[in-house]
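The structure appears below as structure tokens.
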Amino acid sequence: MMEYFIQGGPLMWPILLCSVLAFGIFLERLWSFFRVNRGSRELVKEVEDLVAKQRIDEATIVCQRYGTPLAHILLAALRAKGRSRDQIKTAVEEAGSRESAPLERYLGLLGTIATISPLLGLLGTVLGMIEAFTVIATQGMGTPATLGGGISEALITTAAGLSVAIPVLLLHKYLSSRLDSIVLEMEASSLRLVDLLGD
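The sequence shown begins at 212 in the working numbering and counts up by one.
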């Protein structure tokens, strides 16, 4: 494996960096999504039960104790208690926009890595072919041994770029799907609370 890496030329380093960075982002986002989702059902049930019993102060304390994005959204709804349903809903939507923005952090960078990895591989291909044609220009057709260095560099970097881009693209799609489901769940939970408070 190390031999292939060396044969791939200098562009193997940025491709390796892309793969390490993408894996790090994936793990960080997984952990972040886990923390956001942790205890969300219990939180919603506890808050809804307290609101149904008109114990708003206790529900507020529960939200402050959890401190998750969903808790902050529900807290915005609780603080708007006494206003019209539309005003409570507006407060919830504003809080939702605020809380969901950090959840998208690094997903754009992950998408960029999926885009530039094959381009780095393509650049390696071009550089490898330039090297091969330089040999032809200086030595005539040369031998397979003299041409092999440039051609192998071209093929290895292309394969490396695609080997990084394909899984990173799948990881990006997976994380985007997880994010969408988290946001939808937060919206549904907060709207149920809006209905309770807006009665």
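Just so you know, even glycine gets a beta-carbon here, dropped at the ideal spot from N, CA and C.
Under 7 Å Cβ to Cβ from VAL303, same chain only, skipping five residues before and after it: list those, please.
Closer than 7 Å at Cβ, skipping near neighbours: ILE284, ALA287, ALA288, SER401, VAL405.
Taking Cβ to Cβ, would you say LEU281 is nearer than 8 Å to GLU269?
The answer is no: Cβ separation not under 8 Å.
May I ask which residues mark the beginning and end of the alpha helix (DSSP H) holding PRO225?
Start and end: 223 to 248.
Buried or exposed: which applies to VAL231, given that a residue is buried once 16 or more other Cβ atoms fall within 10 Å of its Cβ?
It counts as exposed.
Decide yes or no for the touch test of the region 373 to 389 against the region 271 to 281: beta carbon pairs closer than 8 Å, at least 3 of them.
At 8 Å Cβ cutoff, the stretches do not touch.
If you count every other CB in all the chains shown that lies within 10 Å of the CB of LYS300, and 16 or more means buried, which is it?
LYS300 should be labelled buried.
Comparing C-alpha positions only, which one of LEU331, SER243, ARG403 sits nearest to GLY219?
The residue with the shortest Cα to Cα distance from GLY219 is LEU331.
Would you tell me roughly how many angstroms separate the C-alpha atoms of SER251 and GLY409, rounded to the nearest one?
SER251 and GLY409: Cα-Cα distance of roughly 22 Å.
Report the residue from SER328, GLU342, ALA306, LYS384 whose alpha carbon sits nearest the alpha carbon of ALA365.
The shortest C-alpha separation from ALA365 is found at GLU342.
Output the residue ranges of the alpha helix (DSSP H) runs that lie fully inside the region 278 to 307 and measure 4 residues or longer, sorted by chain position.
Listed in chain order, they are 280 to 290.
Do LEU321 and LEU386 come within 8 Å of each other at the CB atom, strictly closer than that value?
Contact flag set, yes.
Starting from the Cα of LEU390, find the closest Cα among THR345, GLY319, GLU253 and give me that residue.
Minimum Cα distance to LEU390 is reached at GLY319.
Could you check the C-alpha separation between THR368 and GLU315 for me, to the nearest Å?
Whole-angstrom Cα-Cα distance: 31 Å.
Would you tell me roughly how many angstroms separate the C-alpha atoms of GLN298 and LYS292, rounded to the nearest one?
Computed Cα separation, rounded: 9 Å.
Taking the alpha-carbon positions, what's the GLU396 to CYS229 distance?
If you take the alpha carbons of GLU396 and CYS229, they lie about 32 Å apart.
CA-CA distance, GLY307 and LEU222?
Roughly 42 Å between the two C-alpha positions.
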